[in-house]
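Colleague: Sequential numbering of the sequence shown, starting at 0, is according to numbering that gives the first Met the number 0.
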Amino acid sequence: MTDSLSDSDVEQVVRLVETLDGSSFDYLELQVGDMKVTIGKGEPPSVGSAPAAPVTTPAPQVLPAAPAPTPLDAVAPVVAPTAGAVEITAPTMGIFYAQSEPGKPPFVTVGALVEEDTTVALVEVMKTFHAVSAGVRGTVVEVCVQDAQLVEFGQVMYRVEPALR
Numbered sequence: 000m001t002d003s004l005s006d007s008d009v010e011q012v013v014r015l016v017e018t019l020d021g022s023s024f025d026y027l028e029l030q031v032g033d034m035k036v037t038i039g040k041g042e043p044p045s046v047g048s049a050p051a052a053p054v055t056t057p058a059p060q061v062l063p064a065a066p067a068p069t070p071l072d073a074v075a076p077v078v079a080p081t082a083g084a085v086e087i088t089a090p091t092m093g094i095f096y097a098q099s100e101p102g103k104p105p106f107v108t109v110g111a112l113v114e115e116d117t118t119v120a121l122v123e124v125m126k127t128f129h130a131v132s133a134g135v136r137g138t139v140v141e142v143c144v145q146d147a148q149l150v151e152f153g154q155v156m157y158r159v160e161p162a163l164r
């Protein structure tokens, strides 16, 4: 099997291992095409445990790798969210990007109005970028992560105050 892996494939697996090592997860299983990779740290899951529910994300979009991250002052503000704010969470573990490419403005900032289909972030996994849609109509009241930060599955990235219909 390793004979069919390119140098790029090996680099991606190494990056995945490093990402897992820096996270609070103990185990990761990923299947891309015919290749299935299972990595872990600590004890493997017990044989009788139920597998995690599959995660569905929009079709991945491949973009060029971003250079070293630069801080975005406009991404960090926090406004006290009101009760009932909707959380936009990471669809997968990966690197959070607040803008489409370095030097571009962020997709959204605090106070931005979003629709259900508004792209609010990109999450990169193994050089594949997943566009994250708001999934709710309303106003962004909190940005919970910094650009180029590692996010874990289900981690809150934004809070949105839903619009009244």
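No residue lacks a Cβ here, since even glycine has one placed at the ideal position from N, Cα and C.
Considering only their Cβ atoms, is the gap separating VAL150 from PHE95 smaller than 7 angstroms?
Modeller: For PHE95 and VAL150, yes; Cβs fall inside 7 angstroms.
Colleague: Rounded to the nearest angstrom, what separates ALA113 and GLU123 at their Cα positions?
Modeller: A quick correction: the sequence has Val, not Ala, at residue 113. Roughly 22 angstroms between the two C-alpha positions.
Colleague: Mind checking which residues open and close the beta strand (DSSP E) that includes ALA130?
Modeller: Element bounds for ALA130: 127-132.
Colleague: Identify, in the order they occur along the chain, each residue of the same chain with its Cβ nearer than 8 angstroms to the Cβ of ASP116, setting aside the five sequence neighbours on each side.
Modeller: Answer for ASP116: SER132 and ALA133, listed in chain order.
Colleague: Looking at C-alpha atoms only, which residue of GLY83, GLY93 and ALA82 is the closest neighbour of LEU15?
Modeller: Looking at the Cα atoms, GLY93 is the closest of the given residues.
Colleague: Find the nearest neighbour of GLY110 within the set PRO101, GLY137, ALA82 and ASP146, judged by alpha-carbon distance.
Modeller: Answer by Cα proximity: GLY137.
Colleague: With distance defined between alpha-carbon atoms, name the residue in ALA89, GLY102, LYS126 and ALA162 nearest to VAL140.
Modeller: For VAL140, the nearest C-alpha among the options comes from ALA162.
Colleague: Here's a check: name, in chain order, each residue in its chain whose Cβ is nearer than 7 angstroms to the Cβ of VAL86, leaving out the five neighbours to either side.
Modeller: As written in the sequence, residue 86 is Glu, which differs from the Val given in the question. Cβ neighbours of GLU86 beyond the five flanking positions: VAL155 and ARG158.
Colleague: Could you say which of THR127, GLY39 and ASP146 lies nearest to PRO101 if we only look at CA atoms?
Modeller: Ranking the options by Cα distance to PRO101, first place goes to ASP146.
Colleague: State the CB to CB distance for the pair VAL142 and THR108, rounded to an integer number of angstroms; the pair is presumed to be in contact (CB under 8 angstroms).
Modeller: That belief holds up - the Cβ atoms of VAL142 and THR108 are roughly 7 angstroms apart, short of 8 angstroms.
Colleague: Just to confirm, are ALA82 and GLU160 a CB contact at a threshold of 7 angstroms?
Modeller: The answer is no: Cβ separation not under 7 angstroms.
Colleague: Which of the three DSSP states, helix, strand or coil, is assigned to SER5?
Modeller: SER5 falls in the coil class under three-state DSSP.
Colleague: Once you ignore the five residues that flank GLN11 on each side, which residues in its own chain have a CB closer than 7 angstroms to its CB?
Modeller: Closer than 7 angstroms at the Cβ level, and outside the excluded window around GLN11, lie MET125 and LYS126.
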